[in-house]
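Asker: One structure, as structure tokens, below. Some questions next.
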Amino acid sequence: MARAIIITGGNIGDVKPRLRQAQQLINAGIGIVLRCSHVYESEAWGFAAESDFKNQAMVVDTDLSPEELLVAVQEIEERLGRDRGAEAAEKARTGEPYSSRMIDIDILFYDDRVMDTPRLKLPHPLMQERDFVLAPLVEIAPEKVHPVLGKTVEELREELLARQAAVQNGEV
13 MARAIIITGG NIGDVKPRLR QAQQLINAGI GIVLRCSHVY ESEAWGFAAE SDFKNQAMVV
73 DTDLSPEELL VAVQEIEERL GRDRGAEAAE KARTGEPYSS RMIDIDILFY DDRVMDTPRL
133 KLPHPLMQER DFVLAPLVEI APEKVHPVLG KTVEELREEL LARQAAVQNG EV
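In this text, residue positions in the sequence shown follow our numbering: the first is 13, and each later residue adds one.
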């Protein structure tokens with residue numbers, strides 16, 4: 013049995029019920045959801061969006077391998093309305109690296125596994141730069157140590173918030 017930490021999110025349509033559905037589908041098809049954060053709302057990261065994102069992190073015990081888990085979360089995304097083709101077309105149209113979406117499910121951690129394959133990078137390579145990930149993560153796993161950076165999730169968030177404050181204050 014492995015312990016995975018997953019984040020769900022979206023900003024198109026009525027997101028909160030979709031996040032509940034995602035949690036139910038994860039619990040039914042991937043493994044037992046042990047802890048789940050509140051839903052956090054934040055502005056889009058890395059692109060301009062009309063609507064804010066809602067995100068929720070969860071800790072899941074699973075018998076799936078990392079690759080099987082990736083396939084399973086992508087199947088749940090598709091079932092809940094994610095259209096990667098439409099997203100790709102929107103990114104091509106706007107030139108933005110990201111786009112709005114109905115649902116997004118990312119694997120943040122899989123035990124303390126470190127992987128870097130064309131399909132899957134563990135732990136998630138940008139989590140330490142994204143408060144929309146770290147805020148819900150601190151709620152459910154503040155003492156989780158990032159296996160590459162050697163810092164707890166709580167420390168990563170404190171550092172991110174300090175960097176953001178320094179930028180806002182013109183110190184950087």
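For each residue, glycine too, the CB sits at the ideal point set by N, CA and C.
Just checking my contact of residue 65 with residue 109 at CB under 8 Å: how many whole Å lie between their CB atoms?
Answerer: Wrong, their Cβ atoms sit about 15 Å apart, outside the cutoff.
Asker: Compute the distance between the beta-carbons of residue 70 and residue 45, then report whether it is under 8 Å.
Answerer: Cβ atoms of residue 70 and residue 45: closer than 8 Å.
Asker: If you drop the 5 nearest sequence neighbours on each side, which residues of the same chain put their C-beta closer than 6 Å to that of residue 140?
Answerer: Within the same chain, residue 140 has close Cβ partners 168.
Asker: Flag this pair as touching only if the segment 70-80 and the segment 35-49 have three or more C-beta atom pairs under 8 Å; answer yes or no.
Answerer: Segments in contact, yes.
Asker: Check whether the segment 81-96 touches the segment 105-121, taking contact to mean three or more Cβ pairs, one atom from each stretch, closer than 8 Å.
Answerer: Yes, the segment 81-96 is in contact with the segment 105-121.
Asker: Using the rule of at least 16 other Cβ atoms within 10 Å of the residue's Cβ for burial, across every protein chain shown, is residue 143 buried or exposed?
Answerer: It counts as buried.
Asker: Buried or exposed: residue 21, going by 16 or more other Cβ atoms within 10 Å of its Cβ?
Answerer: The residue in question, residue 21, is buried, as its Cβ has 16 or more Cβ neighbours within 10 Å.
Asker: Assign residue 179 to one of three DSSP states: helix, strand, or coil.
Answerer: In this structure, residue 179 counts as helix in the three-state DSSP scheme.
Asker: Give the single residue among 48, 63, 84, 174 whose Cα lies nearest to the Cα of residue 37.
Answerer: Closest by alpha carbon: 84.
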